[in-house]
Amino acid sequence: LKGLEVQARCHLASGVTECNVLGRLAICEEFEIADVREMLLSRLIDNPLLLFRLATDRGIETLPLVMRDLLLRILVMVGGRQQGSACDGNARDHAKKAGT
Numbered sequence: 052l053k054g055l056e057v058q059a060r061c062h063l064a065s066g067v068t069e070c071n072v073l074g075r076l077a078i079c080e081e082f083e084i085a086d087v088r089e090m091l092l093s094r095l096i097d098n099p100l101l102l103f104r105l106a107t108d109r110g111i112e113t114l115p116l117v118m119r120d121l122l123l124r125i126l127v128m129v130g131g132r133q134q135g136s137a138c139d140g141n142a143r144d145h146a147k148k149a150g151t
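Following the working numbering, the numbering of the sequence shown begins with 52 at its first residue and continues without gaps.
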């Protein structure tokens, strides 16, 4: 089974296009494939045209954690790195309550 997992990771990481990146990110989210997800996010950040196309694709709305992580990476790139604010805990609490 481990060999199959390795093959799946290799497949997800190769041949990434603007047509399949959202689907691959969704698979990474669903199956918690953090290393491939990280690689895909890095590729998006390194390719502003692809990032723009992704940001304007309505399909991105189904991946809120991906949107958040991309936004955080962009903020770090433009010098907006800041430690968590006092509101962070409150936002998490509200999100948990909304999900229950």
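Virtual Cβ for every residue (Gly too), placed ideally from N, Cα, C.
Residue burial classification, C70 (beta-carbon count within 10 angstroms, cutoff 16): Per the 10 Å Cβ criterion, exposed.
Inter-residue spacing [alpha-carbon to alpha-carbon] between L121 and L52: 32 Å
Same chain only: Cβ atoms within 8 Å of G130, ignoring 5 sequence neighbours per side: none
DSSP-derived helix/strand/coil call for C70: Coil, per DSSP.
Exposure of R88, with buried meaning 16 or more beta-carbon neighbours within 10 Å: buried
Closest residue to L114 among P99, A77, L100 (Cα-Cα distance): For L114, the closest alpha carbon among the candidates P99, A77, L100 is that of A77.
For S65, the three-state DSSP class (helix, strand or coil): coil
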